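Start counting at 1 in the sequence shown, then tack on 640, and there's your number in our numbering. Glycine included, each C-beta is placed from N, C-alpha and C at the ideal position. Every value quoted in this text rests on a predicted model; they were computed, and no experiment measured them. What follows is a short report on a single structure.
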Amino acid sequence: MNKLIKGFKYKQIRNNQECIKGQVAFEFLLIYSFFISVFLASLYIISQQAIQQQIYAEGMFAREFVKQFAEEINAASIIPGYEKNVTFPKTISGVPYKINIYKGMVELNYTAVTNIDLLYPLSTNNVSIVRVVKIDTNSQIGELNLSKGYIVIRNENGMVEIYD
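Now the structure itself:
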């Protein structure tokens with residue numbers, strides 16, 4: 641009987657040690673999973689901030705670009721005989737874009753991470769586009785051909801002409 645009690649205690653001690661080992665392994669996996677989750681959440685937050693920063697930078701670049709373009713047209717409307725070659729990027733962050741001129745406004749449109757439409761007012765309605773890609777005659781919208789990367793802006797007899 642004595643042997644039986646000793647064997648029972650040995651098995652009980654052995655089972656307790658195995659339970660402790662199992663509990664330690666489970667706790668390790670639980671802590672490991674927690675830290676992996678925190679790490680992945682941090683990466684997600686950082687990537688979202690990077691995307692927001694990229695959208696903001698693209699928007700600022702596009703806003704500055706359309707402003708400079710409109711100011712060139714405004715300068716041409718004021719100065720008789722004005723002529724200038726205006727260069728511009730073929731893409732914004734690798735994305736093609738469109739520039740439309742209508743009703744005294746310059747509109748820039750492109751879709752990168754989000755769809756961006758920017759309008760900038762012109763000081764004159766006397767703007768004509770020569771050799772355009774397409775013109776909607778109902779609304780007098782002229783879309784510039786941006787494939788060359790430059791256009792010529794001229795003031796001829798008080799009329800601003802844009803050659804694309």
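Hey, could you find the ends of the beta strand (DSSP E) residue i is sitting in?
i	result
residue 761	755 to 761
residue 738	737 to 742
residue 719	Taken as a continuous stretch (DSSP letters only), residue 719 belongs to no beta strand (DSSP E), as it is neither H nor E.
residue 751	745 to 751
residue 732	Element bounds for residue 732: n/a, residue is neither H nor E.
residue 795	790 to 796
Comparing alpha-carbon positions, which option in the options lies nearest residue i?
i	options	result
residue 783	799, 756, 747 and 724	747
residue 705	732, 695 and 657	732
residue 766	688, 802, 788 and 734	802
residue 793	718, 749 and 760	718
residue 742	750, 663, 761 and 714	761
residue 744	697, 769 and 688	769
CB-CB under 6 angstroms to residue i, same chain, minus the five flanking residues each way: which ones, in chain order?
i	result
residue 798	none
Assuming residue i contacts residue j (C-beta within less than 8 angstroms), just tell me the rounded distance between them.
i	j	result
residue 800	residue 764	6 angstroms
What residues in its chain sit with their C-beta under 8 angstroms from that of residue i, if we drop five residues either side in the sequence?
i	result
residue 789	727, 728, 729 and 730
residue 754	695
residue 751	735
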